[in-house]
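Asks:
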Amino acid sequence: MKKGAIFDMDGLMFDTEAIWQKCWTEIADERNTELDPQFRKDICGTSGALMNSVIEKYYHVEDGAPIAADCKSRVHASLKNFVPEKPGVHEILEYLHGAGVKIAVASSSPYEQIRSNLLMTNTEPYIDVMLSGTEIEHGKPAPDLFLKAAEKIGLPAEDCYVFEDAYNGVRAGHASGAFTIMIPDTQEPDDEMRKIADVICVSLLEALDGIRNGRF
168 MKKGAIFDMD GLMFDTEAIW QKCWTEIADE RNTELDPQFR KDICGTSGAL MNSVIEKYYH
228 VEDGAPIAAD CKSRVHASLK NFVPEKPGVH EILEYLHGAG VKIAVASSSP YEQIRSNLLM
288 TNTEPYIDVM LSGTEIEHGK PAPDLFLKAA EKIGLPAEDC YVFEDAYNGV RAGHASGAFT
348 IMIPDTQEPD DEMRKIADVI CVSLLEALDG IRNGRF
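This is the structure in structure tokens:
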């Protein structure tokens with residue numbers, strides 16, 4: 168068993184990716200812009216400059232930052248009263264915490280949203296470190312977020328699990344050197360994901376079973 172575990176949040180711990188996509192579409196509709204289906208894949212797991220560049224490409228604007236801020240505000244409002252959990256999130260966090268594994272949540276979402284979601288779902292007590300993509304220079308698919316999360320829990324990335332659902336996140340986990348577990352949400356694994364993910368599970372419960380039984 169690894170000594171550290173780094174969790175993505177949207178689409179992995181919580182069933183929130185659909186909310187993000189709904190808000191992106193709402194904004195596009197209000198601007199009379201039809202989003203190319205590829206947008207969904209390109210925007211997942213991004214933050215900062217990369218997120219802005221994806222927005223600029225698909226919304227045909229010079230500066231993506233205002234649209235990014237608008238979408239984050241809408242998502243935050245949607246999650247104020249209820250955060251839908253993914254199956255197994257409490258079970259895997261409780262097991263890892265009980266086994267002495269250091270746990271970080273490293274998400275492209277703003278820090279305030281990460282903390283709010285964890286508090287709303289009573290998962291915050293299991294978490295040693297919360298890290299937002301807004302706190303690092305290069306977002307996913309660069310490995311910086313996971314490398315920083317590993318550093319904050321005092322471990323090399325190679326001694327950590329990274330749990331991810333999105334292509335950019337899996338790329339970042341793989342590049343960091345961590346044992347990367349993909350649990351698909353809106354993006355089904357393609358040939359690249361099957362090659363670079365150390366293992367692909369259908370749920371956090373399957374991942375927990377593999378860890379508990381020493382398969383990874």
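At position 29 of the sequence shown the residue is numbered 196 (our numbering), and the sequence of numbers has no breaks.
Beta carbons are placed, not taken as given, at the ideal position from N, Cα and C, and that holds for glycine.
Please name the residue in Leu179, Phe174, Gln280 whose C-alpha comes closest to that of Ser240.
Replies: As a position in the sequence shown, residue 240 is number 73, starting the count at 1. When each option's Cα is compared against that of Ser240, the closest is Gln280.
Asks: At what residue ranges does the stretch 285 to 348 contain a whole run of the beta strand (DSSP E), taking only runs of 3 or more?
Replies: Qualifying beta strand (DSSP E) stretches, in chain order: 296 to 299, 327 to 331.
Asks: Is Lys208 helix, strand or coil by DSSP?
Replies: Position 41 of the sequence shown, counted from the first residue, corresponds to residue 208. Note: Lys208 maps to helix in three-state DSSP.
Asks: Can you have a look at Leu286 and say buried or exposed, based on whether 16 or more other CB atoms are within 10 angstroms of its CB?
Replies: Position 119 of the sequence shown, counted from the start, is the residue given in the question as residue 286. It counts as exposed.
Asks: So for Val221, helix, strand or coil by DSSP?
Replies: Numbered from its first residue, the sequence shown carries residue 221 at position 54. DSSP places Val221 in helix when its eight states are reduced to three.
Asks: Taking the CB atoms as reference points, tell me whether Asp209 and Glu331 lie closer together than 8 Å.
Replies: The residue you call residue 209 lines up with position 42 of the sequence shown. The residue you call residue 331 lines up with position 164 of the sequence shown. Not closer than 8 Å, so no.
Asks: Classify Asn289 as buried or exposed, calling it buried when 16 or more other Cβ atoms lie within 10 Å of its own Cβ.
Replies: For the purposes of this step, residue 289 is taken as the residue at position 122 of the sequence shown. Flag for Asn289 reads exposed.
Asks: So Ser274 is in the beta strand (DSSP E); what residue range does that whole segment cover?
Replies: Walking along the sequence shown from the start, residue 274 turns up at place 107. Run containing Ser274: 269 to 274, per the beta strand (DSSP E) assignment.
Asks: Counting beta carbon pairs with one atom in the stretch 232 to 246 and one in the stretch 187 to 195, are three or more of them shorter than 8 Å?
Replies: Touching, yes, given that three or more Cβ pairs across the two stretches are closer than 8 Å.
Asks: Alpha helix (DSSP H) containing Ala172: first to last residue?
Replies: The residue given as residue 172 occupies position 5 in the sequence shown. Not the alpha helix (DSSP H): Ala172 falls in the beta strand (DSSP E), residues 171 to 174.
Asks: Could you work out which residue in Gly306, Asp230, Glu184 is closest to Phe246 when comparing CA atoms only?
Replies: Indexing the sequence shown from 1 puts residue 246 at position 79. The residue you asked about is not Phe; residue 246 is Leu in the sequence shown. Of the listed residues, the one whose Cα sits closest to Leu246 is Glu184.
Asks: Determine the direct distance from the alpha carbon of Val250 to that of Tyr328, and round the result to whole angstroms.
Replies: Your numbering for residue 328 matches position 161 in the sequence shown. Your numbering for residue 250 matches position 83 in the sequence shown. Between Tyr328 and Val250, the C-alpha separation is close to 24 Å.
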